[in-house]
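Residue 212 in full-length UniProt numbering sits at position 212 of the sequence shown; the count goes up by one each step and never skips.
C-beta: ideal position from N, C-alpha, C; glycine also.
Beneath this line is the structure, given in C-alpha cells, with notes to follow.
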Amino acid sequence: MAFYRQLGVIPPKRHTQHRNEDGGLFYEELMGEEGFSSDSALLYHRHIPSAIVDATEWKLPEQATTPNHPLKPRHLKLHDLFPETVWAETDVVTGRRLILGNADVRLSYVVSTKESPLYRNVVGDEMVYVESGTARVETVFGVLDAKAGDYVLLPMATTHRWIPTGDEPLRAYVIEANSHIVPPKRFLSRFGQFLEHAPFCERDLHGPTELIQVEDTNVEVLVKHRTSHGIVGTRYLVPNHPFDVVGWDGCLYPYTFSIHDYEPITGRVHQPPPAHQAFEGNNFVICNFVPRKVDYHPLAIPVPYYHSNVDSDEIMFYCGGDYEARKGSGIGQGSISVHPGGHAHGPQPGAYERSIGVDFFDELAVMVDTFRPLELGEGALACEDAAYAGSWNRGLQK
C-alpha cells in the first residue's frame, strides 16, 4: 500500500454523510492525480470549496528565458540577486526570480522575510529547498514547519502560504515541475513501500500535524496554471478561507524531508550521480550530495572523473560545506553551476591530484539533471560570473 495518513475528523466510510455540530453537512473534496487513477486525498470542508466571487489576471514574475547559446558552462551567484534592502518587501511566492527553465521544470530563487499570499500551483508539484532560515508553511492539509536543509514537497493544486519565522531571512531554492515529483521507482516496492536499499524511508517524511481553522471571508488566492500559450496567473477572490478543513485522509499530502536524513550510498570507487538520487519528475531528477565517506579502493580518485552529459544538463546548487571538485573555480555558498549537455566537465585543475588519499567530503549540494536543455531566466542573466567558462584554463590551484 502507499503511505497513508489521516488528520482531523473524518467519517468512518468515504463518500458518506459527515455532519458538523449543528447537523449540517461538511463538504467532501477529492484531490487526486491522473484522473482518479493515482494517489489521492479526501478533504472535508466547512464551506463549498469550489465557490469563487471573482477571477482576474495575476501577472507572474518574469518567465521569459534565453537559450544557452553559444553553448558554455556557467556559474550563477544567487546571493547577489537579493540585497538586504528588499527582503522585507519580498515573499516566497511573488518574489521568485527565474534562474533556469524548460518545458519540464523551472528553477527559481528567493530571499524573504515577508508572509506570502495564499497560492496554489496547478502546473505541477513544487519542491522547495530551504537553504537557510525557518518558515511555517500553512496548507489546506495543515501546518508544516520548515528549517534549513528541508525540502518542502507541495503537491499540485495545494493551497498554501509561506510565513518566514526566526531572525534570519528565508532563502529558498524552488523546483517547479510540469509533473509530479516522487521518489525513484527503484527505491519502492510494487506496492509503494520504501525498500531496504533506499537512502531514506517513510520515517523521514514529515506530514502536517496540525490543522488550521480560519473563518475569513472574501479572501484572495493566487493560482498559477497552464494555457495553450504558456504558464499564466489568475487571482481568485473566494467567499470563504480555504483553510476550513476539519479532517482529511489519503496518500496525497505535503511533507518535509531533511537533506540531513539522506543516507549516502558510497563504494570502493567513485559512484555516478544516480547513486545520489532522491526524487524524480518528468524528464528530470533531483540528487543530494551530502557529507560522506568517499571511495576506499587503494588507488581511488575520490573526485568525479571528467564527463560529458550527453543527454542532460547538470545543475548543481551549492548550499553547504566545501565542494572539493570546484575549489579554485569561484563557486561557493549560494552558487549554481550549469554544465550543459555536450560539454565535458569535471574537477578544477589540481583537484584531481589533491583528492588522492582523502577519505571524507564535507559538502552539501542539490543537483537537478534535466533531459531537455535548460534556458536562462532573467535571474541567471543578472548574477552570472562571466569568467567561469575559462576556469579550467587557469592552471593548477595551489
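Assigned exposure category for residue i - 16 Cβ within 10 Å defines buried
i           : result
S38         : exposed
T139        : buried
R171        : buried
N288        : buried
residue 404 : There is no way to answer for residue 404, as the model of the chain reaches only from 1 to 398.
E210        : exposed
I52         : exposed
Q397        : Residue placement at Q397 cannot be trusted, given a pLDDT of 43 that sits under 50; the coordinates are not used to answer.
N218        : exposed
A386        : exposed
N121        : buried
H15         : exposed
E57         : exposed
S50         : exposed
D244        : buried
K185        : exposed
K59         : exposed
A380        : buried
D369        : buried
G332        : exposed
L222        : buried
Y173        : buried
G320        : buried
I336        : buried
S355        : buried
E89         : exposed
R19         : exposed
Other residues of its chain near residue i: CB distance less than 7 Å, five sequence neighbours each side excluded
i    : result
A275 : I265
G247 : L7, G8, V9, I10, Y44
N178 : A103, D104, V105, V123, G124, N282
C383 : L76, K77, L78, D80, L81
P12  : none
D145 : R136
M156 : N121, V122, G124, D125, H180
E168 : S132, G133
Closest Cα partner of residue i within the set the options
i    : options                : result
F360 : G267, L188, A135       : G267
D36  : N282, V338, C251, L381 : Per the sequence shown, residue 36 should be read as Phe rather than Asp. Nearest option by C-alpha distance: C251.
D22  : R46, H260, E29, E33    : R46
W374 : F187, A344, F284, S335 : As written in the sequence, residue 374 is Leu, which differs from the Trp given in the question. Comparing Cα positions, the closest option is F284.
K147 : K185, M156, W87, S132  : S132
L188 : A278, H69, G101        : A278
T134 : G332, S335, G166       : G166
I286 : E196, M367, L107, I231 : M367
H229 : Y296, G390, A103, N20  : A103
I315 : A55, D295, I175, F141  : I175
H297 : V358, Q348, Y352, D261 : V358
V338 : G233, N393, V223, G101 : G101
R97  : Q348, I336, L195, Q63  : Q63
R372 : D313, V238, I356, F194 : D313
Y323 : L364, T227, Y352, E353 : L364
E378 : L42, G334, Y109        : Y109
I259 : V290, K13, H241        : V290
L153 : R136, G142, Y129       : Y129
V214 : A157, L118, H343       : L118
N273 : P304, D261, P239       : According to the sequence displayed, residue 273 carries Pro and not Asn. Comparing Cα-Cα distances from P273 to each of P304, D261, P239, the minimum goes to P304.
P61  : Q348, V232, M127       : V232
G342 : S308, K327, E353       : S308
T113 : N20, P83, P347         : P83
CB-CB length for residue i against residue j, believed under 8 Å
i    : j    : result
T256 : D150 : 5 Å
G330 : H75  : 6 Å
Y306 : H345 : 7 Å
E29  : H180 : Not confirmed; about 19 Å, so no contact.
P302 : V310 : Actually they are not in contact, since the Cβ atoms of P302 and V310 sit about 24 Å apart, beyond 8 Å.
E220 : L205 : With a Cβ gap of about 31 Å, E220 and L205 do not count as contacting.
L299 : N68  : About 37 Å; that fails the 8 Å criterion.
Same chain, Cβ closer than 8 Å to residue i, five either side skipped, listed in chain order
i    : result
E115 : D91, R161, W162, I163, P164
A389 : K72, P73, R74
S40  : L30, M31, G32, E33, G250, C251, L252
Y4   : D249, G250, C251
Contact set for residue i: own chain, Cβ-Cβ below 6 Å, skip 5 residues either direction
i    : result
A198 : F187
S391 : S329
E196 : none
Cβ of residue i within 7 Å of any chain B Cβ
i    : result
S258 : Structure shown: chain B not included; a single protein chain is present.
Margin query: Report the start-end ranges of each beta strand (DSSP E) in the segment 29-77 that is 3 residues or longer and not cut off at the edges.
Written below: 40-45, 54-58, 74-77
Item checked: Residue ranges of each alpha helix (DSSP H) within the UniProt domain "Homogentisate 1,2-dioxygenase C-terminal" (282-392), 4 or longer -> 351-354, 378-382
Next item on the list: Any chance you could list the beta strand (DSSP E) runs of at least 3 consecutive residues sitting entirely within the UniProt domain "Cupin type-2" (123-175), in chain order?
Entry: 126-132, 134-139, 142-146, 150-154, 160-165
Checklist line | In chain order, each beta strand (DSSP E) run of at least 3 residues that lies wholly inside the segment 184-231 | finding: 217-227
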